[in-house]
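Data block below; observations after.
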Amino acid sequence: MNEASANTIAPRPRSGTGIWLDQHLYSLVSSLGRVLQRPWTTLLTIGVMAVALALPLGLGLSLANLQQFAGNVEQSRAMDLFLAPGTSPGRAQAVAVELRGRSDVASVEVRTPEQGLADLRERSGLGQALDALEENPLPTLLVVTPRGDVPQLASALENLPEAGLLQHDAAWRQRLQGWLGFGQRLAWVLAALFGLGALLVVGNTVRLDIQARREEIGVLQLLGATDGFIRRPFIYLGAWYGIAAGALALGLVVVAARALGQPLQALAASYGSSFALGGLDLLRAVLFLLAATIIGWVGAWLVTGHFLRQTRPTET
Amino acid sequence: MTVLRFENVSKQYPGGHEALADVSFEVAQGEMLFVTGHSGAGKSTLLKLIHLSERPSRGAVLFGGRNLLKVRGGRVPLHRREIGVVYQDHRLLTERSVGENVALPLILRGDRRADIGKRVREVLARMGLGHREQALPSQLSAGEQQRVGIARAIVGEPRLLVADEPTGNLDPTLAAEIMSLFASMPERGTSVLVVSHDLALIKRMKKRVLILDHGRLMDDISPEDLAE
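Structure below.
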């Protein structure tokens, strides 16, 4: 061994932020190295997490599309109020004005018997038969688009003295809304369950990693490593798993949407609809990635916290 | 100036086993001393109390005037950074290079990367390991591994260096070299406490010796008395 060197190097004083950043960088790089060192373990963990995350994401995306479809239906939720035969055009206009003044009515369109007959002639192909009629049997129609409580408005319209027949499909719409609400809740429940599953997957992987590095952690603790220093690489490891699994889940959903989109569009076209499967916008994709990263982060944080509490020096 | 003081320290483990009983002694700054005794004498417990892996059941351990009973939770790592420990089984991180192992105390302390590199190279050169910086511990001999452990313990220039049977695995020549290195530490202001049962080595070093037996401090022999 050499004799002691006379010129020892005195460390220059550093700011707390500098030390903090340096140690985070150290943890970030070492955790990334850890991920790359064990490709199979990493791939398996990320794969399981990605599938768990893709399922609620796919369901959520399907519901969003269904809601968009339902929104279109909602837009055509107007009520048809046929006025009693003999209601004069002037009275019909007066009723329309009165209805427009209601807070639960978005708009009222008046369709005269003449317009109705012209429509019927055009759509039904019964022009000659209609010509044989001596007088127009059609009543004045008020097309009322509701705003707010539909059943209450329907009841009010039916009770108008001028009302003849009210046609609307509130029950069907209510059922659709009910199913959509249930589907949305189901998507959230599944997201919570699968999110918890993903969290447990990360937690278990990190736990195994901690077990494998138990001795190293013990040495670091003996050398004076704080809980934060020991925890940090594992938390970054969880975050890496989360972000990679989130990206893979997004990829899986995009591939599935592409696979289903074309046949669905063809199916919709056969019903005369131009419905097309919509994808995930950039903001939602980023939010999803963020959520996946947080899941990985939290899973690792919980497991390392538990481990550190167990290995803390005795306080008695 | 006193670096370490044990004041009537007892340690009783759950189950009733008393590992230390009413032990009192002081270590001055820049002093080197040995602690010896048979297996089960309480040597390991004494080290654990200094290092805050355990806490005394009675009495007080003071380090730099600070009562270690009052050092709790998040302050424990800071206390440990003031002490360099050399273990008989080295406790090196097997997946990290020699340089990275030695750098750990400085990284934990938050030194600059450039300063760490220089300091690590300097200490490794002192240990005769300048050419082994990139090697993994598994590529080193037992003696080299022990020197890496020592390098890691002294790299941060701790106030107290504690060595637990540091020459247990080494041949006599290397053991003597390491002891002479320890003997040079007090010149740099570091106190050295060596736990050893190698009586021949202890006699050769002519330093103060604490003798433990069944948890009791049986004797505190000064260098002068040892010479006689």
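One line per chain: the protein sequences are A and B, in this order.
Number 1267 marks the last residue of the first sequence (our numbering); no jumps.
Number 312 marks the last residue of the second sequence (our numbering); no jumps.
Backbone N, C-alpha and C fix where the C-beta goes; we use that ideal spot for every residue, glycine too.
Here the structure is a predicted model, which is why all the values come from computation and not from measurement.
So what's residue i in DSSP terms, helix, strand or just coil?
i, result
"M289 (chain B)", "helix"
"F1258 (chain A)", "helix"
"M1000 (chain A)", "helix"
"M211 (chain B)", "coil"
"F313 (chain B)", "The structure shown has nothing for residue 313 (chain B), since chain B only spans 85 to 312."
"N953 (chain A)", "Because the pLDDT of N953 (chain A) is 47, which lies under 50, any placement of that residue in the model is unreliable, and the number read from its coordinates should be weighed accordingly. Residue state, collapsed to three classes: coil."
"D304 (chain B)", "strand"
"A1251 (chain A)", "helix"
"Q218 (chain B)", "coil"
"A1035 (chain A)", "coil"
"E138 (chain B)", "coil"
"I960 (chain A)", "Confidence in I960 (chain A) is poor, its pLDDT being 44 and thus under 50, which makes the residue's placement unreliable; the coordinate value appears in the next sentence. Coil."
"N185 (chain B)", "helix"
"R180 (chain B)", "coil"
"A1083 (chain A)", "coil"
"F266 (chain B)", "helix"
"S225 (chain B)", "coil"
"G124 (chain B)", "coil"
"R1183 (chain A)", "helix"
Alpha carbon to alpha carbon, how far is residue j from residue i? Give it in angstroms, no decimals.
i, j, result
"T993 (chain A)", "A1198 (chain A)", "14 Å"
"L164 (chain B)", "R1209 (chain A)", "Looking at the sequence provided, one finds Arg at residue 164 (chain B) rather than Leu. So the two alpha carbons sit approximately 58 Å from each other."
"A1269 (chain A)", "G1229 (chain A)", "Residue 1269 (chain A) is absent from the structure shown; chain A starts at 952 and stops at 1267."
"G168 (chain B)", "V232 (chain B)", "13 Å"
"G99 (chain B)", "P1007 (chain A)", "53 Å"
"L1068 (chain A)", "R1098 (chain A)", "29 Å"
"S1212 (chain A)", "R1235 (chain A)", "It should be pointed out that residue 1212 (chain A) corresponds to Gly in this sequence rather than to Ser. Going from the Cα of G1212 (chain A) to the Cα of R1235 (chain A) covers about 19 Å."
"R218 (chain B)", "R180 (chain B)", "Reading the sequence as shown, one finds Gln at residue 218 (chain B) and not Arg. Using only the alpha carbons, I get a separation of about 9 Å."
"E1086 (chain A)", "L1010 (chain A)", "55 Å"
"L152 (chain B)", "G212 (chain B)", "36 Å"
"P1214 (chain A)", "L1201 (chain A)", "21 Å"
"L130 (chain B)", "S981 (chain A)", "35 Å"
"E271 (chain B)", "M85 (chain B)", "15 Å"
"A311 (chain B)", "I286 (chain B)", "11 Å"
"E241 (chain B)", "M302 (chain B)", "31 Å"
"L1117 (chain A)", "G1134 (chain A)", "31 Å"
"G967 (chain A)", "P256 (chain B)", "45 Å"
"E1266 (chain A)", "L1174 (chain A)", "Residue placement at E1266 (chain A) cannot be trusted, given a pLDDT of 47 that sits under 50; what the coordinates show is reported in the next sentence. The straight-line gap from Cα to Cα measures roughly 19 Å."
"R216 (chain B)", "V182 (chain B)", "7 Å"
"S1225 (chain A)", "L1014 (chain A)", "18 Å"
"Y977 (chain A)", "I1168 (chain A)", "15 Å"
Name, in chain order, the residues that DSSP records as bridge partners for residue i.
i, result
"S1058 (chain A)", "A:T1096"
"N151 (chain B)", "B:L146"
"F90 (chain B)", "B:F109 and B:V145"
"L245 (chain B)", "B:G168 and B:V276"
"M1030 (chain A)", "A:V1095"
"D297 (chain B)", "B:R300"
"E1049 (chain A)", "DSSP output for E1049 (chain A) lists no bridge partner at all."
"A1207 (chain A)", "The partner list for A1207 (chain A) (beta bridge, DSSP) is empty, contrary to what the question assumes."
"Q96 (chain B)", "B:E102"
"L1117 (chain A)", "A:L1032"
Going by the CB atoms, is the gap between residue j and residue i shorter than 7 Å?
i, j, result
"G126 (chain B)", "A144 (chain B)", "no"
"T1091 (chain A)", "L1034 (chain A)", "yes"
"G1148 (chain A)", "A1005 (chain A)", "no"
"V276 (chain B)", "M116 (chain B)", "yes"
"D375 (chain B)", "Y171 (chain B)", "Given a span of 85 to 312 for chain B in the structure shown, any question on residue 375 (chain B) remains unanswerable."
"V87 (chain B)", "V111 (chain B)", "yes"
"D309 (chain B)", "G121 (chain B)", "no"
"L192 (chain B)", "A1176 (chain A)", "yes"
"G1193 (chain A)", "G1256 (chain A)", "no"
"V1254 (chain A)", "V1157 (chain A)", "yes"
"V1094 (chain A)", "E1060 (chain A)", "yes"
"A1196 (chain A)", "A1243 (chain A)", "yes"
"R985 (chain A)", "L1259 (chain A)", "no"
"L1032 (chain A)", "L1108 (chain A)", "yes"
"V1152 (chain A)", "M1000 (chain A)", "yes"
"G194 (chain B)", "I1181 (chain A)", "no"
"K95 (chain B)", "P161 (chain B)", "no"
Kindly examine the ligand ADP and report whether one of its heavy atoms sits closer than 6 Å to the Cβ of residue i.
i, result
"R272 (chain B)", "Among the components modelled here there is no ligand, and therefore nothing to report on the ligand ADP."
- the region 175-195 of chain B: positions lying closer than 7 Å to chain A by Cβ: Of all residues in the region 175-195 of chain B, R175, L177, L188, P189, I191, L192, G194 and D195 have a Cβ within less than 7 Å of some Cβ in chain A.
- Item | Cβ-based contacts, 8 Å cut-off: residues of the region 1170-1192 of chain A near chain B | Flagged, chain order: V1170, L1171, Q1172, L1173, L1174, G1175, A1176, T1177, D1178 and F1180.
- Query: In chain order, what residues of the region 1116-1145 of chain A put their CB closer than 9 Å to some CB of chain B?
  - Reply: Cβ contacts with chain B: none found.
- Under 8 Å (Cβ pairs) to chain B, residues found in the region 1148-1160 of chain A: Against chain B - using a Cβ distance shorter than 8 Å - the region 1148-1160 of chain A contributes no residues.
- Could you please tell me which residues of the region 974-995 of chain A, in chain order, have their CB closer than 8 Å to any CB of chain B? Here the close residues are Q974 and Y977.
- Task: Name, going along the chain, the residues of the region 145-164 of chain B whose beta-carbon falls closer than 9 Å to a beta-carbon of chain A.
- Result: From the region 145-164 of chain B, only R156, G157, G158, V160, P161, L162, H163 and R164 have a Cβ closer than 9 Å to chain A.
- Task: Please list the residues of the region 1212-1246 of chain A that have a C-beta atom closer than 9 Å to any C-beta atom in chain B, keeping them in chain order.
- Result: The residues in question: there are none.
- Could you list the residues in the region 119-139 of chain B with a C-beta less than 8 Å from some C-beta on chain A, going in chain order? Of all residues in the region 119-139 of chain B, H135, L136, S137, E138 and R139 have a Cβ within less than 8 Å of some Cβ in chain A.
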